[in-house]
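In this note's numbering, the protein residues as written are 24 to 280.
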């Protein structure tokens with residue numbers, strides 16, 4: 024197969040698709056192809072990020088720093104492919120070896136068609152599942168997964184508790200840039216540069232939401248002061264990259280847009 028060309032929308036054009044595209048262009052409007060535009064480096068920190076206290080949780084080459092939830096090793100269902108941490112088969116949820124209390128996390132995700140996953144924080148291994156202790160930022164194909172029809176379970180939500188202000192997800196096949204800020208009891212979810220929601224752990228409004236949800240029977244849900252970052256195996260293919268974190272000093276560390 025020929026190497027790909029890219030059209031003016033930076034869409035990859037292969038083989039017969041390229042032939043058909045070129046042969047359907049009117050003679051008075053000649054088509055053109057161009058090399059793929061330069062791509063920014065992935066899984067690296069800029070000098071400015073390093074100076075601000077950021078560090079990588081994934082180097083783009085290995086699974087160092089990660090392991091299976093309640094396991095000593097990384098499960099076989101997660102692989103490093105083309106600089107991404109990819110759920111390729113059954114393996115269960117994975118967690119960082121380190122635990123974090125107050126932090127800012129940035130992570131790019133791409134979900135498969137109809138897919139579901141999630142990013143959890145302050146996860147404890149004292150319970151059987153990551154979602155019994157750790158709040159979740161939902162990762163979802165809103166267009167094709169049933170959960171996308173309910174804002175409370177759509178991409179970016181604090182799953183089943185707090186809905187995002189709007190749907191800012193990119194189409195399947197494109198990466199979304201997530202940001203989670205956890206400082207004391209204050210939590211913010213950002214996606215693609217927009218703030219989607221915020222809430223206060225253990226506040227009266229939050230306690231009411233939990234009491235009316237499936238988490239009501241989970242006494243440690245959202246109450247850990249420190250814990251692991253977890254990525255969910257929900258049975259679907261998902262890609263993660265550019266996973267970086269900086270620890271914050273609660274409650275007065277500066278925000279970053």
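Glycine included, C-beta positions come from ideal geometry on N, C-alpha and C.
Check	Outcome
Pairwise C-alpha distance: residue 253 and residue 81	13 Å
Pairwise C-alpha distance: residue 146 and residue 158	8 Å
Identity of the residue in 161, 65 and 170 nearest residue 104 by Cα	65
Residue 62 classed as buried or exposed, judged by whether at least 16 other C-beta atoms fall within 10 angstroms	exposed
CB contact flag (residue 212, residue 225, <7 Å)	no
Same chain only: Cβ atoms within 7 Å of residue 136, ignoring 5 sequence neighbours per side	164, 167 and 195
Touching by the beta-carbon criterion (3+ pairs, under 8 Å), the region 174-191 and the region 92-101	no
C-beta atoms of residue 93 and residue 148 nearer than 7 Å	yes
Assigned secondary structure, residue 175 (DSSP; H/G/I helix, E/B strand, else coil)	helix
For residue 299, three-class secondary structure by DSSP	The structure shown does not extend to residue 299, since the chain spans only 24 to 280, so no value can be given for it.
Of the listed residues 88, 234, 189 and 69, nearest to residue 122 (C-alpha basis)	88
DSSP-derived helix/strand/coil call for residue 151	coil
Own chain residues within Cβ distance below 6 Å of residue 217, not counting five before or after	191
Proximity winner among 197, 193 and 187, relative to residue 203 (alpha-carbon distances)	187
Among 243, 200 and 84, nearest to residue 107 - alpha-carbon criterion	84
Selection from 240, 210, 233 and 237 that minimises the alpha carbon distance to residue 248	210
Extent of the continuous alpha helix (DSSP H) to which residue 217 belongs	Unbroken run through residue 217 is the beta strand (DSSP E), 217-223; no alpha helix (DSSP H).
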